[in-house]
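Start counting the sequence shown at -12; every next residue gets the next number (the working numbering). First comes the structure, then the notes that go with it.
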Amino acid sequence: MAWLKKYKPEEIKVDSQVIARMDAGNEVGDLAMGLFGDYTEVTAFDGDKIDIKQMIENTKAEIEKGTPVICEASFEYNGLYCAVDILNKENGGFSIYEVKSSTKYDKAVYAADVAYQKYVLESCGVNVTGTYLICLNNQYVFNGALNLEELFGIHDIADSVAVEEKNIAANLSIAERILKSEKEPDIDLSVCCDKPYTCAFWGYCSRNLPKPSVFNLYRLHFDKKIEYYKKGLADFNDLFYSADITNAKQLRQMLFAISDQGTYIEKDGIRDFLGTLSYPLYFLDFETIQPVIPQFIGTKPYAQIPFQYSLHYIEKEGGELLHKEFLAESGTDPRRAIAESLCRDIPMNVCVTAYNKGFECGRIKELAETFPDLAEHLLNIRSNIKDLLTPFQSGYYYNRAMGGSFSIKSVLPAIFPNDPSLDYHNLDGVHNGGEAMTVFPKIKDMPPEEQKTARHNLLKYCELDTFAMVKVWQELVRAAK
């Protein structure tokens, strides 16, 4: 990855989820700086670029002054550079604190990075007396005032760092040799490509795989995909006839791909599902934000907070398709307003559909727990939600163009490949849930005209989600005849 960053940076592919993770990391990192009281941040810029040389000089100056807590403390040794999130003066030396926005404490994942920092600092003459990982506490509940000691968990990772230290010198030597050469290293795909996140260079490194490949196989863990790949079973044709795969849905996905089959329809199964639906029929979809730092009373880090919904509905068979929608004001707690709006827009005891209903059901349950006075109505809505995913996940309707995925973003273009009205790429500003999640919190800081445009874009995106559900339902009705 380091070689690609240096020689092929244009191959980096960053999507809205990656940007959201980076934003979350910055937000958590900034907040964690105050965990040990007063601190000095040594970050420096030359124009719009980080000034590493100045940061190193600033760090030296702060250490000489005896500054107890230095954030972004920067060091360089023989061309090796690192910046420590928090350098805390304690126990006769300095402790390294690595800050992560994750709620999962996985010291093995981050130990190599901290071991590298420790190596550079000690090579610069710094006495490193401790190595720690700071993560978010996923059990922390916001009560109106942030408590940093409760929000963050501090974990001693000295044992894992000690293991990684044994290989530091050898690994750095290999890295130096690789980075000096303009020849691309011959490094094969491995489990590291997906841990802890999918690598930004995955598209480049996987460019020569057959299409489709084992990495497109439905619900197969990445470790298992790598295992089959290493066995020479990357191609669907080889994998299908290997007898290694026994899952019926995975076998069907491969069979349809290698035999160029069209659409499979099991009418009885679709009819049974459609028989669970009744008029008036509602189609519901939420959009949510996930504040990494809880902002609303009673919420935890990364809590899913619904701020918008779209609702298409048909009151009777052959009736007109109608639409309602809700979009909260950015910068406010949207939960009460969206809960009340749901109760106004969806009567009790009517049939509601969602696509992958677990998400909508989960958010409605949380709203009911937060607002007991609305709980009866909200839970009634929840109990009457049917899942449009069911016919596809159950195998009643399958098209090879779905590629083994049953998400609506895969099902929709497979069923309606040439319908521009259902193409999310034709929307302005917001094309997916990740972008919606990013745009909404920023609206409050936009000029009025930009706010109007952003809200319009959000409404159009969410409206397309439920309109797509209507089209999928109509296709199921047609297929069942």
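No residue lacks a Cβ here, since even glycine has one placed at the ideal position from N, Cα and C. Note that this is a predicted model, so its numbers are computed, not measured.
- Under the DSSP assignment, Gln295 falls outside any alpha helix (DSSP H), being part of the beta strand (DSSP E) whose first and last residues are Ile292 to Ile301.
- Taking C-beta atoms as the reference points, Tyr205 and Lys236 count as a pair closer than 8 Å.
- Relative to the Cα of Asn158, the nearest Cα in the group Cys111, Asn134, Leu226 and Leu67 belongs to Leu67.
- Taking C-alpha positions only, Asn419 is separated from Ser317 by approximately 18 Å.
- Comparing alpha-carbon positions, the option among Ala102, Glu49, Glu51 and Lys76 lying closest to Cys69 turns out to be Ala102.
- The residues Val86, Lys87, Ser88, Leu123, Val279 and Ile280, in chain order, have a CB closer than 8 Å to that of Val15 in the same chain once the five nearest residues on each side in sequence are set aside.
- Between Ala441 and Glu274, the CB-CB gap reaches or exceeds 8 Å.
- Excluding its 5 nearest sequence neighbours in each direction, Glu462 has C-beta neighbours in its own chain below 7 Å: Ile402, listed in chain order.
- In the three-state reduction of the DSSP assignment, Ala235 falls in the helix class.
- Nearest C-alpha to Cys449 among Glu312, Glu353 and Tyr384: Glu312.
- DSSP, reduced to helix, strand and coil, places Cys122 within a strand of the structure shown.
- With respect to Ala19, Phe129 sits apart: the two C-beta atoms are not nearer than 8 Å.
- Annotation: the continuous alpha helix (DSSP H) that includes Val150 extends over Ala145 to Glu152.
- By the Cβ test, the stretch 376 to 388 is not in contact with the stretch 350 to 364, since fewer than three Cβ pairs between them sit closer than 8 Å.
- In this structure, DSSP gives Phe227 a helical state, which the three-state scheme calls helix.
- Secondary structure note for Leu74: its beta strand (DSSP E) is the uninterrupted segment Leu67 to Glu77.
- Secondary structure of Tyr269 (DSSP, three-state): strand.
- In the DSSP annotation of this structure, Leu207 is not part of any beta strand (DSSP E), being labelled neither H nor E.
- Contact annotation: Asn444 and Val464 have beta-carbon atoms that are not nearer than 8 Å.
- In the displayed model, Ile141 falls within a strand according to three-state DSSP.
- In the DSSP annotation of this structure, Ile83 is not part of any alpha helix (DSSP H); the continuous beta strand (DSSP E) holding it starts and ends at Gly80 to Val86.
- For Cys338, the closest of Thr233, Leu298 and Val29 by C-alpha to C-alpha distance is Leu298.
- By the beta-carbon neighbour count (other beta carbons within 10 angstroms, threshold 16), Gln104 is buried.
- Taking C-beta atoms as the reference points, Ser82 and Thr118 count as a pair closer than 8 Å.
- In its chain, beyond the 5 residues on either side, Ala326, Glu327, Cys330, Leu354 and Ala355 have a beta carbon closer than 8 Å to the beta carbon of Leu361.
- One alpha carbon belongs to Ile6, the other to Asp255, and they sit about 44 Å apart.
- A straight-line Cα-Cα distance of about 6 Å links Val29 and Cys58.
- For Ile284, the three-state secondary structure derived from DSSP is coil.
- Contact check for Leu261 against Thr340 fails: the beta carbons are separated by 8 Å or more.
- The stretch 32 to 43 makes no contact with the stretch -6 to 3; the number of CB pairs closer than 8 Å stays below 3.
- In this structure, Asp222 lies away from Pro183, with their beta-carbon atoms at least 8 Å apart.
- Contact annotation, Leu414 with Ala455: C-beta distance approximately 12 Å; criterion of less than 8 Å not satisfied.
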